């Protein structure tokens, strides 16, 4: 694994505009950054990333099966009791799901270490599945990359296959918060994948979803929403008025409610408890007293933080890295510190995707600090032997 610097394509912004990648620049700063790429060998991908992703996914599914039938474990994961049945039913009914992402610390040697799992909202899915693949194809055409260069990336075709498990009879609504260019771009990409298997899709802003007198969720014209992809985290829905009506409605939600268990960082201590010493896991425990300082060589995280918010790192040499944020109203965990590898001036995080139940590809984020945030850059990758 190495980082290779290269010239960006002179017309990449026009390509992004044509492909609907409207969030390549955020607040005037680069989000998509093709001035470099990461190169892997086939062995690194298959042995160190693909195989652990598949194994960890199976471990997470096994964990869900244990948790849903235990009120004590659901309480431990801070699932509100009013939603125990919803989460349990969504699992026992095998409600279909689309994706998950494991974030790894990995430098090209030794086992990749799991930092966290993101199994609910699909941050960085479009750029991993589509735009970095376009980059690869164009760089091969331009002679910048050899003809045999590839990526660990079957995300788009695997998404089409995953959508094939859904019925095609009624419209499939895709929702995101109004005004979010990134969320709308991601949901539009998912709609496109669903369309490849003949599913009729519609967009609706989350704020425009209504509830009729029969307890059904409806669109602005009063039509029932029987299937809804919601780019909105379950841990928020559990505490919103919207969420109180879900148990009694007839809408199928994607992702299903059981995904709230894996996207919850409280699952990391359980995985360690049940698979202690696993080469891809870091020691993790509930933090009984989050008011104390973080011990050297550990990281404190709240159950439900996103994009690095409220993460508190204390390195083995006693340096502190902290990202402020709003997620201070849930339990915390302590996790062993596995520093992200540094390439040049940037710290690198690898997101390994599962589509359906299949390890399907990776996306890479860079940041100037040890904490990967919403402003962290996305870089493409290649596999070359």
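Residue numbers (the numbering used here): 2 to 386. Just so it is clear, CB atoms sit at the ideal spot from N, CA and C, and this is done for glycine as well. Predicted, not measured: the structure shown is a model, and the values here were computed from it.
Check                                                                                                                                : Outcome
Cα-Cα separation, residue 50 to residue 221                                                                                          : 44 angstroms
Run of the beta strand (DSSP E) containing residue 273, from where it starts to where it stops                                       : That residue, residue 273, is in no beta strand (DSSP E); its alpha helix (DSSP H) goes 268-275.
Residue 95 versus residue 256: straight-line alpha-carbon distance, rounded                                                          : 12 angstroms
Minimum C-alpha distance to residue 145 - residue among 9, 14 and 305                                                                : 9
Cβ-Cβ separation, residue 286 to residue 341 (assumed contact under 8 angstroms), whole Å                                            : At roughly 21 angstroms, the Cβ-Cβ gap does not stay under 8 angstroms, so residue 341 and residue 286 are not in contact.
Supposed contact pair residue 211 and residue 219 - C-beta distance, whole angstroms, cut 8 angstroms                                : 5 angstroms
Residue closest to residue 52, alpha-carbon to alpha-carbon, out of 307, 173, 63 and 359                                             : 359
Residue 323 versus residue 217 - alpha carbon distance                                                                               : 43 angstroms
Pick from 298, 193 and 328 that is closest to residue 320, judged by C-alpha positions                                               : 298
Unbroken beta strand (DSSP E) run spanning residue 204, endpoints                                                                    : 202-206
Coil, strand or helix - residue 387 by DSSP                                                                                          : Not covered by the structure: residue 387. The range shown for the chain is 2 to 386.
Sufficient close CB pairs (3 or more, under 8 angstroms) joining the region 298-309 to the region 349-358                            : no
Paired residues, beta bridge with residue 382 - DSSP                                                                                 : 39
Alpha-carbon to alpha-carbon, residue 105 and residue 373                                                                            : 11 angstroms
Which of helix, strand or coil DSSP assigns to residue 30                                                                            : strand
Boundaries of the beta strand (DSSP E) in which residue 106 is found, first to last residue                                          : 100-106
Endpoints, the beta strand (DSSP E) within which residue 299 is located                                                              : 299-303
Cβ neighbour criterion (16 or more within 10 Å) applied to residue 275                                                               : exposed
Three-way DSSP call (helix, strand, coil) for residue 4 in this model                                                                : strand
Distance between beta carbons of residue 2 and residue 55, contact taken as under 8 angstroms                                        : Not really, about 20 angstroms apart at Cβ, beyond 8 angstroms.
Among 38, 42 and 36, nearest to residue 386 - alpha-carbon criterion                                                                 : 42
Other residues of its chain near residue 132: CB distance less than 6 angstroms, five sequence neighbours each side excluded         : 22
Other residues of its chain near residue 259: CB distance less than 7 angstroms, five sequence neighbours each side excluded         : 65, 69, 88, 91 and 92
Start and end residues, beta strand (DSSP E) containing residue 116                                                                  : 114-119
Residues of its chain near residue 390, where Cβ-Cβ distance is below 7 angstroms and the 5 sequence neighbours each way are ignored : The first residue shown for the chain is 2 and the last is 386, placing residue 390 beyond what the model contains.
Opening and closing residue of the beta strand (DSSP E) in which residue 352 lies                                                    : 347-356
Residues bridged to residue 367 [DSSP beta-bridge criterion]                                                                         : 349 and 378
Option in 243, 226 and 329 with minimal Cα separation from residue 233                                                               : 243
Local Cβ density within 10 Å of residue 73, reported as buried at 16 or more and exposed below that                                  : exposed
Cβ-Cβ distance between residue 362 and residue 230 below 7 angstroms                                                                 : no
Residue 227 to residue 15 span [Cα, whole Å]                                                                                         : 37 angstroms
Alpha-carbon spacing of residue 26 relative to residue 272, whole angstroms                                                          : 37 angstroms
Span separating the alpha-carbon of residue 337 from that of residue 284                                                             : 5 angstroms
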